[in-house]
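Engineer: Letter by letter, the sequence shown follows residues 114 to 238 of the numbering used here.
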Amino acid sequence: MRDRARKALRKKAKKGFTGYPVATVAFYGPDDTKATKLVVTIVHEEDAESEPMRKWFSEGDLRQDARVFAEALEFLRSHGAKSVSMPDKIIGCPHEEGIDYPEGEFCPECPFWKNRDRWSGVCIQ
């Protein structure tokens, strides 16, 4: 029962695009081994802004937190998400450019992500 929400979310993501609204589910962390931030957004139609958005934070790895998966699943259900886009890895630093550190710079708290492609994980310089 603990993994019910996690499995439901992954199953929905595996189906691919089945219409709007689309939920995006993304994990972020100081490196590629520990997800300390989860962001779920809803895109209601093509070319629309992602809104609403919900964020979860933790010192531990959120990918191991069944309660967070249940809350994320409830959030996307409450907004009628028909599709889910969810990468199967951590895709970047949990800090926000322009908010937590200056625009155009690298996060001083997360050197792992400096010069690293967030999708492949490969260093680009």
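Every residue gets a Cβ at the ideal spot worked out from N, C-alpha and C, and that includes glycine. These numbers were taken from a predicted model, which means no experiment stands behind them.
#1: Whose C-beta lies closer than 7 Å to the C-beta of C236 among residues of the same chain, with five residues either side of it excluded?
#2: From this set, K128, Y141 and G132, which residue's C-alpha is nearest W232's C-alpha?
#3: Taking D178 as the reference, give the member of L151, E218 and T137 with the closest Cα.
#4: May I have the straight-line CA-CA distance separating S196 from T137, to the nearest angstrom?
#5: I think E162 touches I155, with their Cβ atoms under 8 Å apart; what is that distance to the nearest whole Å?
#6: Since K202 is in the alpha helix (DSSP H), which residue starts that stretch and which ends it?
#7: Leaving out five residues on either side along the sequence, give the residues of the same chain with a beta carbon under 6 Å from the beta carbon of F225.
#8: Can you pull the DSSP bridge partners for R229?
Structural biologist: According to the structure shown:
#1: Start at 1 with the first residue of the sequence shown, and residue 236 comes out as number 123. Taken in chain order, the residues that qualify are N228 and R229.
#2: Stepping through the sequence shown from its first residue, residue 232 is reached at position 119. For W232, the nearest C-alpha among the options comes from Y141.
#3: Along the sequence shown, read from residue 1 onward, the residue named residue 178 stands at position 65. That would be L151, whose Cα lies nearest to the Cα of D178.
#4: Within the sequence shown, residue 196 is the residue found at index 83, counting from 1. Within the sequence shown, residue 137 is the residue found at index 24, counting from 1. If you take the alpha carbons of S196 and T137, they lie about 9 Å apart.
#5: Sequence index remark: in the sequence shown, residue 162 carries index 49 (1-based). Sequence index remark: in the sequence shown, residue 155 carries index 42 (1-based). Contact doesn't hold; Cβ gap of about 10 Å is too wide.
#6: Counted from its first residue, the sequence shown places residue 202 at position 89. Element bounds for K202: n/a, residue is neither H nor E.
#7: Locating residue 225 in the sequence shown gives position 112, counting from the first residue. Cβ neighbours of F225 beyond the five flanking positions: D144.
#8: As a first step, residue 229 must be located in the sequence shown, where it is residue number 116. Answer is C236, bridged to R229.
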